[in-house]
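Numbering (this note's numbering), first residue to last: 1135 to 1405.
Ideal Cβ placement from N, Cα and C applies to all residues, glycine included.
If you're wondering where the values come from, they're calculated on a predicted model, not measured in any experiment.
Below you'll find the structure, written out as structure tokens, and then a few comments.
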Ligand SMILES: NC(=O)c1ccc[n+]([C@@H]2O[C@H](COP(=O)([O-])OP(=O)(O)OC[C@H]3O[C@@H](n4cnc5c(N)ncnc54)[C@H](OP(=O)(O)O)[C@@H]3O)[C@@H](O)[C@H]2O)c1
């Protein structure tokens, strides 16, 4: 049964060769959507698509891999054109490609790494959305999901540039939603730490500690985020736009390993 209303629709997912993008492509295919996933490398895109298509269950959508660097001029136009030729529509766009070459404190950053981070994490999401809206969604409607981060809502050491890109993306999600309503909904997901290559520095040597700190007791898996992205793209979310949904196991609520004993006795407090 098509509970999501996603069967027969077509989704483009940028950065779909692994991690959250790959899990999201699989989730859309399972819901009956056809998917175009992108990677900077054709072989990575094709391998990712093959790995999903190998699950040959009835009712699943078809996944196609395409080479497309998120910021190469003309790449979005070519990808959208080929998607329209292949499947006849682009109903969903997931701006998922992301990068973090600017690790370290702000005073150590150079313009090249700063600009690359903003180009891939911010400009690409603006540009791919614009291209998809001009080519299809402007006339036929659709849904866009941007991949932000809880980093865009807080301040942390060493990821200041990356977090600033995600803060910008959260704001731009609201701006896009306002400009593109009522035909196109635009929302964002803001994950906490998820088990992927991009975030490896954040979890690989600290998973035990993270488990004790995160209220729901574990780091995220790519499939956790994929479930939220498919929900936001589905008809169940048809009255939601401009929102950024945090999905972090409760991490932003506070450190679950901290001493939760009352700071003062009741008597002292009254005193
Ligand atoms: N993992 C986390 O903890 C976490 C938390 C919050 C937000 N996020 C966000 O989630 C998104 C997905 O990241 P992930 O964690 O799943 O990382 P990942 O497993 O390393 O995947 C990153 C994906 O982005 C693609 N990519 C990178 N640069 C690209 C470019 N210039 N053009 C096109 N594709 C590009 C990669 O493809 P190729 O290398 O094959 O080109 C890959 O498919 C990112 O936007 C990230 O900022 C992640």
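Strand pairing of residue i, partner residues [DSSP]
i	result
residue 1277	1226, 1319
residue 1144	1168
residue 1159	None, per the DSSP bridge assignment.
residue 1324	1380
Element boundaries [beta strand (DSSP E), containing residue i]
i	result
residue 1170	1168–1173
residue 1201	1197–1201
residue 1378	1378–1381
N- and C-terminal bounds of the alpha helix (DSSP H) containing residue i
i	result
residue 1148	Where residue 1148 is concerned, there is no enclosing alpha helix (DSSP H), given that its DSSP letter is neither H nor E.
residue 1085	With the chain running from 1135 to 1405 in the structure shown, residue 1085 is simply not present.
residue 1361	1356–1367
residue 1328	Taken as a continuous stretch (DSSP letters only), residue 1328 belongs to no alpha helix (DSSP H), as it is neither H nor E.
residue 1305	1294–1314
residue 1214	1209–1221
residue 1342	1341–1347
residue 1179	1176–1187
residue 1335	1334–1337
residue 1138	From DSSP, residue 1138 is part of no alpha helix (DSSP H); its letter is neither H nor E.
residue 1249	1245–1252
Residue i burial status per 10 Å Cβ neighbour count (16 or more: buried)
i	result
residue 1346	exposed
residue 1310	buried
residue 1270	buried
residue 1138	buried
residue 1241	exposed
residue 1176	exposed
residue 1156	buried
residue 1362	buried
residue 1194	buried
residue 1262	buried
residue 1364	buried
residue 1206	exposed
residue 1285	buried
residue 1319	buried
residue 1227	buried
residue 1370	exposed
residue 1387	exposed
residue 1162	buried
Integer-rounded CB distance, given that residue j should sit under 8 Å from residue i
i	j	result
residue 1385	residue 1326	4 Å
residue 1377	residue 1297	Incorrect: roughly 19 Å between the Cβ atoms, too far for contact.
residue 1169	residue 1197	4 Å
residue 1330	residue 1154	6 Å
Within-8 Å CB hit, residue i to chain B
i	result
residue 1158	No chain B appears in the structure shown, which is made up of a single protein chain.
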